[in-house]
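Protein chains in written order, with the working numbering: chain F, 1 to 164; chain A, 1 to 280.
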């Protein structure tokens with residue numbers, strides 16, 4: 001009995017990043033907007049897991065969650081998917097070129113990921129005929145960057161739970 | 001120097017082209033598919049629209065199910081809150097009831113007078129029987145899109161461009177129709193531009209959304225006479241919407257004129273879609 005409950009717990013921890021990914025896409029809560037603060041949880045989630053544990057978050061799932069986000073938020077299909085794949089791409093590149101994983105390394109390398117993703121987002125929206133609010137994009141990038149360490153700690157706890 | 005450039009190239013190739021362990025797709029292939037999808041979005045063809053409709057319908061229904069726990073949580077929170085404020089609200093309601101009772105007789109008279117005058121000028125008033133009721137199933141807003149998803153679509157003859165009302169007030173238009181769902185672009189959206197007329201000043205303008213709660217009046221003539229409290233209605237210019245649908249009241253600020261909407265967009269569950277727009 002205890003073995004099966006332990007097995008269930010391990011399985012749950014294993015699929016937790018995937019669950020969070022799809023829940024935030026379906027709920028349309030991938031970007032949290034509270035007054036002046038705007039944080040893109042989707043980017044942080046994808047960046048962290050592709051960098052630290054790529055087996056937990058397949059590229060296919062990331063693509064699918066981007067498509068779901070596009071449908072729920074009413075954007076043209078493919079925009080969020082493309083931005084998320086760029087975040088995953090930068091994370092995969094950083095994983096290949098770095099040896100030691102520290103919060104500071106992760107945090108600094110998150111800057112190009114954010115810049116690439118928001119640039120792709122901006123270009124795609126612009127060519128799809130959507131009005132783009134530059135200030136919002138800047139604000140979103142800054143707060144997502146600032147918020148990264150908090151989620152880094154939370155996700156690292158999940159990884160530690162899995163190991164223990 | 002060459003070696004370091006080679007290293008970067010190898011790392012990029014490894015990150016984008018190689019399928020990692022347990023990865024079924026390469027990043028490069030998925031990126032290409034995403035770009036293709038964005039490109040296909042601009043193409044309007046029947047088979048593509050059908051596929052898009054099916055995908056959207058499936059995602060909307062899944063989103064409704066996934067939203068259920070959070071909706072349940074927020075509705076229980078609201079219930080508890082309203083329970084605690086019951087006492088204060090009771091006093092307010094008593095006073096409001098008194099006031100309304102006094103005004104009922106007055107409004108009855110005005111309504112009767114209004115209908116007589118309409119008959120007199122032989123105006124064709126649109127009846128609300130030409131509207132279809134729908135339920136808001138998803139209300140997820142992004143800074144780029146302020147919209148609702150409704151539970152009816154082609155199955156109830158909904159078409160793009162139809163006006164959407166909350167009670168009798170204009171709140172937006174249909175921008176996307178699927179088989180069993182449709183999307184309403186709200187007047188607060190960045191991309192929303194509605195021709196309006198103000199009353200009693202009689203000035204024409206365009207009501208522009210900014211992604212925030214209050215849209216503003218643009219393209220007003222230089223010597224306009226719009227004042228605080230002026231009523232804002234659809235003007236019917238361009239023949240897209242019927243004229244005279246109420247929207248809100250003008251509110252002058254420092255450098256612009258905002259419109260305070262009659263309907264609170266956060267609190268809408270049911271809407272009416274006007275099935276008969278002027279332009280066919």
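Cβ atoms here follow ideal geometry from the backbone N, Cα and C, with glycine treated the same way.
Computed from a predicted structure; not experimentally measured.
- Taken atom to atom, the span from the alpha-carbon of residue 130 of chain A to that of residue 163 of chain A is near 12 Å.
- Interface annotation, residue 218 of chain A: not in contact with chain F, CB-CB separation never under 9 Å.
- In this structure, residue 53 of chain A and residue 178 of chain A form a Cβ contact; the two beta carbons are roughly 4 Å apart against a cut-off of 8 Å.
- One alpha carbon belongs to residue 41 of chain A, the other to residue 28 of chain A, and they sit about 20 Å apart.
- By the beta-carbon neighbour count (other beta carbons within 10 angstroms, threshold 16), residue 148 of chain F is buried.
- Around the CB of residue 211 of chain A, 16 or more other CB atoms lie within 10 Å, so the residue is classed as buried.
- Residue 12 of chain F is classed as exposed because its beta carbon has fewer than 16 other beta carbons within 10 Å across all chains shown.
- Taking CB atoms only, residue 145 of chain A has a neighbour in chain F less than 9 Å away.
- For residue 204 of chain A, the secondary structure class from DSSP, reduced to helix, strand or coil, is strand.
- For residue 74 of chain A, the secondary structure class from DSSP, reduced to helix, strand or coil, is helix.
- Beta-bridge partners assigned by DSSP to residue 173 of chain A: A:163 and A:185.
- Proximity to residue 37 of chain F across F:143, F:162 and F:157 peaks at F:143, based on C-alpha coordinates.
- Proximity of the segment 15 to 32 of chain F to the segment 85 to 95 of chain F falls short of the contact definition, fewer than three beta-carbon pairs being nearer than 8 Å.
- Going by beta carbons, residue 151 of chain F and residue 41 of chain F fall inside the 9 Å limit.
- The segment 65 to 79 of chain F and the segment 98 to 110 of chain F do not touch, with fewer than three beta-carbon pairs separated by less than 8 Å.
- Under the three-state reduction of DSSP output, residue 100 of chain F falls in the coil class, being neither helix nor strand.
- When C-beta atoms of the segment 175 to 191 of chain A are compared with those of the segment 149 to 156 of chain A, three or more pairs fall below 8 Å, so the two segments count as touching.
- Contact between the segment 227 to 237 of chain A and the segment 190 to 206 of chain A is present, with at least three C-beta pairs closer than 8 Å.
- Closer than 9 Å to the CB of residue 130 of chain F there is at least one CB belonging to chain A.
- Between residue 40 of chain A and chain F, the shortest Cβ-Cβ separation is below 9 Å.
- Only residues of its own chain outside the window of five on either side were considered, and among them 164, 184, 185, 186 and 187 have a CB closer than 6 Å to the CB of residue 172 of chain A, listed in chain order.
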